[in-house]
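Quick notes on the structure that follows.
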Amino acid sequence: MQYLGVEYSVKHMPELDPDFIPFGVWLEAYARGAEKPLTIALERDQGKISVRETKIHGTPEMAEADYRYVERYVKFLLWSIGGFRIWICGDSALAQRLQRAYTLSGERAFDVQFMQDVYEVPFEVIDCTPEQLPQANESSVAIGGHMEGCRIGFDAGGSDRKVSAVIDGKTVYSEEVVWHPKTEPDPQYHFNGIVEAFRTAASKMPRVDGIGVSSAGVFIGNSPMVSALFLKVPREKRELVKTIYDRAAREIGDVPIVVANDGDVTALAGAMGLECGSVMGMAMGTSEAVGYVDAEGKVLGWLNELAFAPVDLFEDAMADEWSTDIGVGCKYFSQDAVIKLAPRAGIELDSALTPAEKLKVVQNLMEKGDSRARRIFASIGAYLAHTLKLYCRFYDVHHMIVLGRVMSGLGGSVILETCLSILNEEYPELAQKVRVMLPDEKTRRVGQSVAAASLPELRKNA
1 MQYLGVEYSV KHMPELDPDF IPFGVWLEAY ARGAEKPLTI ALERDQGKIS VRETKIHGTP
61 EMAEADYRYV ERYVKFLLWS IGGFRIWICG DSALAQRLQR AYTLSGERAF DVQFMQDVYE
121 VPFEVIDCTP EQLPQANESS VAIGGHMEGC RIGFDAGGSD RKVSAVIDGK TVYSEEVVWH
181 PKTEPDPQYH FNGIVEAFRT AASKMPRVDG IGVSSAGVFI GNSPMVSALF LKVPREKREL
241 VKTIYDRAAR EIGDVPIVVA NDGDVTALAG AMGLECGSVM GMAMGTSEAV GYVDAEGKVL
301 GWLNELAFAP VDLFEDAMAD EWSTDIGVGC KYFSQDAVIK LAPRAGIELD SALTPAEKLK
361 VVQNLMEKGD SRARRIFASI GAYLAHTLKL YCRFYDVHHM IVLGRVMSGL GGSVILETCL
421 SILNEEYPEL AQKVRVMLPD EKTRRVGQSV AAASLPELRK NA
């Protein structure tokens, strides 16, 4: 197969998506003839800087392939690591083209606005010389694993909220309550729901020593800078949202609270269950949520918002409605992937159904042995195998835990079986290095809200 003059090979394509161009496979093929050095640096909060050295072809006939590679590579770095400033060193023409794309009126306007909302500084792309290129400044952070004392663990989901009361690592109470944060514009609704959950858990213990929160979104400290949970809250009320978890904790008392992205807490739960590091957690639900803990069980301080990171280079791939970009992870590893593939398998879904209801229709067909439904989940399994090759270029993954409502039932088993089969046949080295699995029983016992409860380190006098 060929794309932009680059020959690449894929033996097992997703059956229902034969036009899929796996970015990781194409990237590796592109790199074989690339000789011109290019350095990319990204700056994010607290002066942290990530530097990546790569190569491009740098010839007139490969100009479009060079730009496609660099633009997608930068896009992946931006959504995996995060940043408000990008330095490009080694090719001014490419840097200037990226400068035009990454403006509020350019094709990457969503990315620019998102990162400005996260870091609260203007976004910029800098064409720089080697002398101007900043030095790397990375630091990982220990996360969770503290089980002593009386703790509240809160998991803020888009359709329900879960809270646990945990005493010395043992769950003494847990509840799940339906709520609708994504459609509610009043921040008081969110605040009241969070406080109610905290108080319920607190009532089941003699005291509260700490609170840990797992929540969708991007956080600076405990502040949700951007989160789908608060999607309908007006921008002028953002300050109330930024302090919502700290304010809710004060309703319980003077106790430490730590808020973390739900993807990172998923990875933490996996690391606690497996008792090891280098764990990536991927939840396939409403969207794609990803988290990662390194070999030491620490988080990197990255965004890990891979729902918006490219996985498919096909130029007529389905667009994500929010970011407006095509070929990004949320359309391949979520209920949207099932809905996208259903008509290609010959399954017509009632347009009046919600996305979650449409997923359930396909899952029910799968439970009845419908071969059309099986082809859908097998195609997602193929997506996963080829994309794992991409993710492992950016993360040192030894264990990948896949979960979420898309992975439930027989459909999840088909996704996993297909992924493992393709890894063994096409990527044997990767198959030996990475263990891809559903959560084991111990990881399930740890759970999201219990892992969240382990986030805060207790004060010495607690």
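Here UniProt numbering is used: the first residue of the sequence shown is 1, the next is one more, and so on.
We put the beta carbon where it would ideally sit given N, CA and C, even for glycine.
- By the criterion of at least three beta-carbon pairs nearer than 8 Å, the stretch 38-52 is in contact with the stretch 85-105.
- Taken in chain order, the complete alpha helix (DSSP H) segments of 4 or more residues contained in the stretch 7-86 are 23-31, 63-80.
- Relative to the Cα of Met366, the nearest Cα in the group Ala382, Ile347, Arg100, Ala352 belongs to Ile347.
- Annotated three-state conformation of Asn192 is helix, per DSSP.
- Contact between the stretch 110-121 and the stretch 162-181 is not established, with fewer than three Cβ pairs separated by less than 8 Å.
- In this chain, the beta strand (DSSP E) harbouring Phe219 covers 218-220.
- The residue among Leu353, Thr324, Leu359, Ile415 with its C-alpha nearest the C-alpha of Glu107 is Thr324.
- Using a Cβ-Cβ distance cut-off of 8 Å, the stretch 302-316 and the stretch 425-435 are not in contact, since fewer than three pairs of beta carbons, one from each stretch, lie closer than that value.
- Residue burial is scored here from C-beta neighbours: Glu417 has fewer than 16 other C-beta atoms within 10 angstroms and is therefore classed as exposed.
- Apart from the 5 residues on each side of it in sequence, Lys204 sits with its Cβ closer than 7 Å to the Cβ of Ala165, Val172, Tyr173 in its chain, given in chain order.
- The residues Gly381, Leu384, Ala385, Val436, in chain order, have a CB closer than 7 Å to that of Cys419 in the same chain once the five nearest residues on each side in sequence are set aside.
- Val328 is not a Cβ neighbour of Leu359, given a cutoff of 8 Å.
- DSSP, read as helix, strand or coil, puts Asp155 in strand.
- If you look at Asp262, you'll find it in the alpha helix (DSSP H) that goes 262-274.
- The beta carbon of Leu423 sits closer than 8 Å to those of Ala385, Leu388, Leu430, Ala431, Val434, Val436, all from its chain and outside the five residues before and after it, given in chain order.
- Contact check for Ala142 against Lys237 fails: the beta carbons are separated by 8 Å or more.
- Nearest C-alpha to Met62 among Ile81, Gln46, Arg32, Leu77: Arg32.
- In the three-state DSSP reduction, Leu403 falls in the strand class (E or B).
- Just measuring C-alpha positions, the residue of Val25, Glu15, Ser371, Pro14 sitting nearest Glu7 is Val25.
- Contact between Gly47 and Asn137 holds: CB atoms are separated by about 6 Å, below the 8 Å threshold.
- Apart from the 5 residues on each side of it in sequence, Lys11 sits with its Cβ closer than 6 Å to the Cβ of Glu426 in its chain, given in chain order.
- Counting C-beta atoms within 10 angstroms of its own C-beta, Gly212 has 16 or more neighbours from the protein chains shown and is therefore classed as buried.
- Nearest neighbour of Thr243 by Cα position, chosen from Val290, Lys232, Phe191, Leu268, turns out to be Phe191.
- Scanning Pro206, Pro256, Asn261 for the CA closest to the CA of Met225 turns up Asn261.
- Taking C-beta atoms under 8 Å as the contact rule, Ala197 and Val163 qualify, at a distance of about 4 Å.
- Scanning its chain for C-beta atoms nearer than 7 Å, with the 5 sequence neighbours on each side dropped, one finds around Tyr395 the residues Met280, Tyr292, in chain order.
- Residue pairing by DSSP places Asn137 opposite Ile49 in a beta bridge.
- Following the DSSP letters along the chain, one finds Arg238 inside the alpha helix (DSSP H) bounded by residues 238-242.
- Taken through DSSP and simplified to helix, strand or coil, Val279 comes out as strand.
- If you draw a straight line from the Cα of Arg247 to the Cα of Gly210, it comes to about 14 Å.
- The secondary-structure analysis by DSSP pairs Met284 across a beta bridge with Glu288.
- Annotation: Thr286 to Thr59 spans about 42 Å, alpha carbon to alpha carbon.
- Leu78 has its alpha-carbon roughly 17 Å from the corresponding atom of Gly263.
- For Thr171, the three-state secondary structure derived from DSSP is strand.
- DSSP places Ser454 outside both helix and strand once states are collapsed to three, so it counts as coil.
- CA-to-CA, the gap between Thr354 and Pro22 works out to about 29 Å.
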